[in-house]
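Chains as they are written, first to last, in this note's numbering: chain H, 255 to 510; chain X, 2 to 302.
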């Protein structure tokens, strides 16, 4: 199968989102492209994390929220009434701001999801654990301590474990909500390298507060401000010659 | 700006000088220590009193033989067994129902007025006198469902009695499980039920068991609920099924101390029975504590 460069995988169509009476997102319209890294940037409270959590229906967990408009994943409306959010989350994985491994062994952290979803033999699971950890460039560090608690790993290792855990579910899209904001610079660099690698097989949408990070790793960048999408463009363009004045002001640090 | 001298002067005026503060601290610590001492003395005194009076009655015969000579001699084996059955039965009824209720209340129910009302109701239920539960058990299980005075009716009654305690403990334990664990599991595409069953409950289990220990103690020690629903005044026959009546330690103590024919002569027997009851409750608690320790070890922090 030949994948054209600009194929859309997630289409967000005139989406409004409310927490109770508070409107958090207004008329968001954007197309996320397959096998690209898209960065969502903007000041705190601008709605970028909210949008990210809309894409795999994590906002369902919060009482009193309401979505208007359509979000299509591979042409299918993920908020259609006959869609099971569990199925959506299998295809669209998520990595959180703070590393959140389960209080289980490293091995069981990875095997937890696949074991529940597929009927796999022990050796299949072993392979899958190794493959996922290799993908997350963690295998060499943990291959001898797979039965130790994931809580004994460092913060950066824990975050890569969380990425491996998400990859084990074989998702198409990986959502990352400020995945490096709790990590030191070296761990951050490792995760950024990892994102570069993963781009070949996955579509990555990342929320970040770190402008340099967005510039370094993303192909496209979307700038949000108070619940609105201000500008969505090639990263290079956004960081050199943005179309909108507000974007320039934010990127150059004049506000936000 | 006020300088240091002025501040000291103000302090003195307001009785906040350093020596006075130390004195106040001493008085407060003294009061705390005194309270702790009173509690320890009261508890220690109680245990010492029971042990010193009851130890003489304890023998192999006492715990392995049924009562003889109109309950003035012999042992209390049927009562030990009865209390053990009733307690295990009560836990078997109260623990699963309590945990399931707590899971519903904290994980599934939409938090609102109705749920808050239910929670208040459960808390009230925990404070209802046990004799009320006894009467309910008599009316519902013994008479209406025709279980008769039996282990089954007694276990159900005691199970309902300890359920509010267990629900309360389980709710707190479930709430203490970090939300990030739930999010991590759900984000993998694991269903809500599996998330609760595989991640939330195992992490809450030690806390649930801690709360349940309180329930176990109550189930073993209550007299009023089983008087109406399960306990026999005297039966040398050991129960053959859950529809049989049993003797039970708390009721046996009550009978010996108030309704027997030779109350004064059986005093040592009464204290012996009390001692056995305490030991039994501690024993069952110990099992729960061991299980809790094992579960905690499974958790790889």
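Backbone N, C-alpha and C fix where the C-beta goes; we use that ideal spot for every residue, glycine too.
Supposed contact pair residue j and residue i - C-beta distance, whole angstroms, cut 8 angstroms
{"i": "residue 226/X", "j": "residue 153/X", "result": "About 13 angstroms; that fails the 8 angstroms criterion."}
{"i": "residue 434/H", "j": "residue 467/H", "result": "7 angstroms"}
{"i": "residue 477/H", "j": "residue 492/H", "result": "7 angstroms"}
{"i": "residue 214/X", "j": "residue 289/X", "result": "5 angstroms"}
{"i": "residue 84/X", "j": "residue 281/X", "result": "6 angstroms"}
{"i": "residue 187/X", "j": "residue 470/H", "result": "Contact flag wrong, Cβ pair sits at about 30 angstroms."}
{"i": "residue 428/H", "j": "residue 420/H", "result": "6 angstroms"}
{"i": "residue 511/H", "j": "residue 283/H", "result": "Any answer about residue 511/H is impossible in this case: the structure gives chain H only from 255 up to 510."}
{"i": "residue 293/X", "j": "residue 157/X", "result": "About 25 angstroms; that fails the 8 angstroms criterion."}
{"i": "residue 426/H", "j": "residue 462/H", "result": "That pair is no contact at about 21 angstroms."}
{"i": "residue 316/H", "j": "residue 286/H", "result": "The Cβ separation is near 23 angstroms, so there is no contact."}
Beta carbon of residue i nearer than 7 angstroms to that of residue j
{"i": "residue 87/X", "j": "residue 205/X", "result": "no"}
{"i": "residue 323/H", "j": "residue 275/H", "result": "no"}
{"i": "residue 58/X", "j": "residue 269/X", "result": "yes"}
{"i": "residue 526/H", "j": "residue 431/H", "result": "A question about residue 526/H goes unanswered here, because the residues of chain H that appear run from 255 up to 510."}
{"i": "residue 55/X", "j": "residue 284/X", "result": "no"}
{"i": "residue 437/H", "j": "residue 409/H", "result": "yes"}
{"i": "residue 296/X", "j": "residue 207/X", "result": "yes"}
{"i": "residue 230/X", "j": "residue 175/X", "result": "no"}
{"i": "residue 415/H", "j": "residue 404/H", "result": "yes"}
{"i": "residue 473/H", "j": "residue 489/H", "result": "yes"}
{"i": "residue 407/H", "j": "residue 195/X", "result": "no"}
{"i": "residue 354/H", "j": "residue 185/X", "result": "yes"}
{"i": "residue 275/X", "j": "residue 254/X", "result": "yes"}
{"i": "residue 99/X", "j": "residue 171/X", "result": "yes"}
{"i": "residue 64/X", "j": "residue 76/X", "result": "yes"}
{"i": "residue 110/X", "j": "residue 116/X", "result": "yes"}
{"i": "residue 260/X", "j": "residue 271/X", "result": "no"}
Segment limits, alpha helix (DSSP H) that includes residue i
{"i": "residue 264/H", "result": "Unbroken run through residue 264/H is the beta strand (DSSP E), 262-273; no alpha helix (DSSP H)."}
{"i": "residue 470/H", "result": "465-471"}
{"i": "residue 137/X", "result": "131-138"}
{"i": "residue 173/X", "result": "152-176"}
{"i": "residue 430/H", "result": "Here residue 430/H belongs to no alpha helix (DSSP H); instead the beta strand (DSSP E) covers 427-431."}
{"i": "residue 104/X", "result": "78-104"}
{"i": "residue 349/H", "result": "Note, residue 349/H: premise wrong, no alpha helix (DSSP H); beta strand (DSSP E) at 346-349."}
{"i": "residue 33/X", "result": "19-55"}
{"i": "residue 121/X", "result": "114-128"}
{"i": "residue 185/X", "result": "180-188"}
{"i": "residue 214/X", "result": "202-222"}
Extent of the continuous beta strand (DSSP E) to which residue i belongs
{"i": "residue 476/H", "result": "474-479"}
{"i": "residue 282/H", "result": "276-287"}
{"i": "residue 483/H", "result": "482-488"}
{"i": "residue 320/H", "result": "319-327"}
{"i": "residue 334/H", "result": "That residue, residue 334/H, is in no beta strand (DSSP E); it is neither H nor E in DSSP."}
{"i": "residue 293/H", "result": "291-295"}
{"i": "residue 65/X", "result": "Taken as a continuous stretch (DSSP letters only), residue 65/X belongs to no beta strand (DSSP E), being part of the alpha helix (DSSP H) at 61-65."}
{"i": "residue 364/H", "result": "Per DSSP, residue 364/H belongs to no beta strand (DSSP E); it is in the alpha helix (DSSP H), 360-371."}
{"i": "residue 243/X", "result": "From DSSP, residue 243/X is part of no beta strand (DSSP E); its letter is neither H nor E."}
{"i": "residue 457/H", "result": "457-461"}
Spatial neighbours of residue i in its chain, beta-carbon cut-off 6 angstroms, leaving aside the 5 residues before and after
{"i": "residue 9/X", "result": "none"}
{"i": "residue 160/X", "result": "91, 94, 95"}
{"i": "residue 318/H", "result": "274"}
{"i": "residue 182/X", "result": "200"}
{"i": "residue 155/X", "result": "87, 227, 230, 231"}
{"i": "residue 352/H", "result": "436"}
{"i": "residue 460/H", "result": "293, 430"}
{"i": "residue 390/H", "result": "414, 417, 418"}
{"i": "residue 11/X", "result": "none"}
{"i": "residue 69/X", "result": "75"}
{"i": "residue 298/X", "result": "none"}
Sequence-distant residues of its chain with Cβ nearer than 7 angstroms to residue i (five each side left out)
{"i": "residue 339/H", "result": "311, 314"}
{"i": "residue 336/H", "result": "none"}
{"i": "residue 233/X", "result": "246, 247, 248"}
{"i": "residue 236/X", "result": "79, 246, 248"}
{"i": "residue 402/H", "result": "359, 360"}
{"i": "residue 395/H", "result": "411"}
{"i": "residue 384/H", "result": "393"}
{"i": "residue 139/X", "result": "229, 230"}
Own chain partners of residue i with C-beta closer than 8 angstroms, once the 5 adjacent residues on each side are dropped
{"i": "residue 130/X", "result": "225"}
{"i": "residue 256/H", "result": "Confidence is the limiting factor: at residue 256/H the pLDDT is only 45, short of 50, which leaves the residue's position unreliable, though a coordinate-based value still follows. Counting only Cβ-Cβ distances below 8 angstroms, and skipping sequence neighbours, we find nothing."}
{"i": "residue 486/H", "result": "284, 474, 475, 476, 477"}
Closer than 6 angstroms: residue i CB and nearest the ligand COA heavy atom
{"i": "residue 359/H", "result": "Of ligands this structure carries none, so the ligand COA is not represented either."}
Exercise for review: Count the C-beta pairs between the segment 448-461 of chain H and the segment 286-301 of chain H that are closer than 8 angstroms, then say yes if the count reaches three, no if not.
Suggested key: yes
Review point. Any chance the segment 30-47 of chain X sits against the segment 257-265 of chain X, with 3 or more Cβ pairs inside 8 angstroms?
Key: no
Exercise for review: Say whether the segment 162-179 of chain X touches the segment 113-128 of chain X, bearing in mind that this needs 3 or more beta-carbon pairs closer than 8 angstroms, one atom from each stretch.
Suggested key: yes
**Study point:** Three or more C-beta pairs below 8 angstroms linking the segment 189-205 of chain X and the segment 143-158 of chain X
**Key:** no
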